[in-house]
Amino acid sequence: MARAVGVDWAGNGWVTAVIPETGSPAVAFYPTVLNLWRAHREADRILIDIPIGLTETGKRACDLAAKRELAGRQGSVFLTPTREAVYAPNIETAKERQRPPEFSVQNQAWAIVPRIRELDGFLQAFPEIPAETFREAHPELSFAGLNGGTPISASKGTDAGREARLAALESHDPTLVEAYERGVETLTKPSYAPTIGASKTDDILDALALAAAAAAGPEALTQLPETPQHDPVLDRPIEIVYYSGE
């Protein structure tokens, strides 16, 4: 049984890193959130890098807090659109629906709106899933925790960024790097019919960072903000958690 699961979107499905109760970490791929939930519903914790909880108006406080924590890497945190904007048919309509118009709908945020809708619909369909089991997390914040509390400045898409993140994983648990190497081999080969593209291997790193955070236990997770907003539709806190390294 999986003890801890980290999940990241990889362009055509969900890359999932699993740390079991016994045995070595592993990387898997699931086309939908429902698929991964069916496979890992007995997990102690599942951390996913996609917004959980939407505001009716205004910015999510957790997004703003995450930007502050990441300082120079704050561009990796997108401002999540409001609930009404998320369910707009296109980005122009979303911008019109955003209330109050204190911030626009970013192109990067709109690109993940289908995934926000998927997860939002999933959690509405399964309200019995405990909020403390299935939580939103941010890999860059967790990598900072794995890196001694310092955000990794190099982009994960560069060689330097990849090596820095692998070093952070290895210092925490060398078997995570082994899982990364196996995951790359399994999911990107053969080159003529890969499960994920070669450019998406950084999503495997993100999933592993989230799995490491999940495995560290709730006492090792920091919640942003300290007093979160509440989503009345999901009846869940609007929060981002991450491994603090403490």
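Position 197 of the sequence shown, counting from 1, maps to 1506 under this note's numbering, and the rest follow consecutively.
Even for Gly, the Cβ is constructed at its ideal location relative to N, Cα and C.
None of the values given here were measured: they were computed from a predicted structure.
Check, Outcome
"Classify Val1316 as buried or exposed, calling it buried when 16 or more other Cβ atoms lie within 10 Å of its own Cβ.", "buried"
"Give the range of the beta strand (DSSP E) segment to which Thr1442 is assigned.", "Note, Thr1442: premise wrong, no beta strand (DSSP E); not H, not E."
"If the criterion is Cβ atoms closer than 7 angstroms, does the pair Gln1417 and Phe1443 meet it?", "no"
"For Gly1454, count neighbouring Cβ atoms within 10 angstroms of its own Cβ and tell me buried if that reaches 16, exposed if not.", "buried"
"Can you tell me where the alpha helix (DSSP H) holding Asp1540 begins and where it ends?", "Premise fails: Asp1540 lies in the beta strand (DSSP E), Leu1530 to Asp1540, not in any alpha helix (DSSP H)."
"Report the rounded CA-to-CA distance for Ala1524 versus Arg1354, giving the unit in angstroms.", "8 angstroms"
"Mind the definition here: the segment 1531 to 1550 touches the segment 1473 to 1481 only if three or more C-beta pairs lie below 8 angstroms; say whether that holds.", "no"
"What ranges does the alpha helix (DSSP H) occupy inside the segment 1389 to 1435, keeping only unbroken runs of at least 4 residues that lie completely in it?", "1392 to 1395, 1400 to 1406, 1416 to 1420 and 1422 to 1434"
"Suppose the cutoff is 6 angstroms on Cβ atoms and the five residues either side in sequence are ignored; what does the same chain contact list for Ala1374 look like?", "Leu1533 and Pro1534"
"Look at the Cβ atom of Arg1392, then the Cβ atom of Leu1363, and state whether they are nearer than 7 angstroms.", "yes"
"Within 10 angstroms of its Cβ, does Gln1407 collect 16 or more other Cβ (buried), or is it exposed?", "buried"
"Strictly by DSSP, which residues pair up with Pro1527?", "Pro1527 is not bridged to any residue."
"First and last residue of the alpha helix (DSSP H) that includes Ala1370?", "Ala1370 to Leu1379"
"Note down, one range per segment and in chain order, each alpha helix (DSSP H) of at least 4 residues found wholly within the segment 1455 to 1531.", "1468 to 1481, 1483 to 1497 and 1510 to 1525"
"Thinking C-beta only, is Ala1335 closer than 7 angstroms to Val1327?", "yes"
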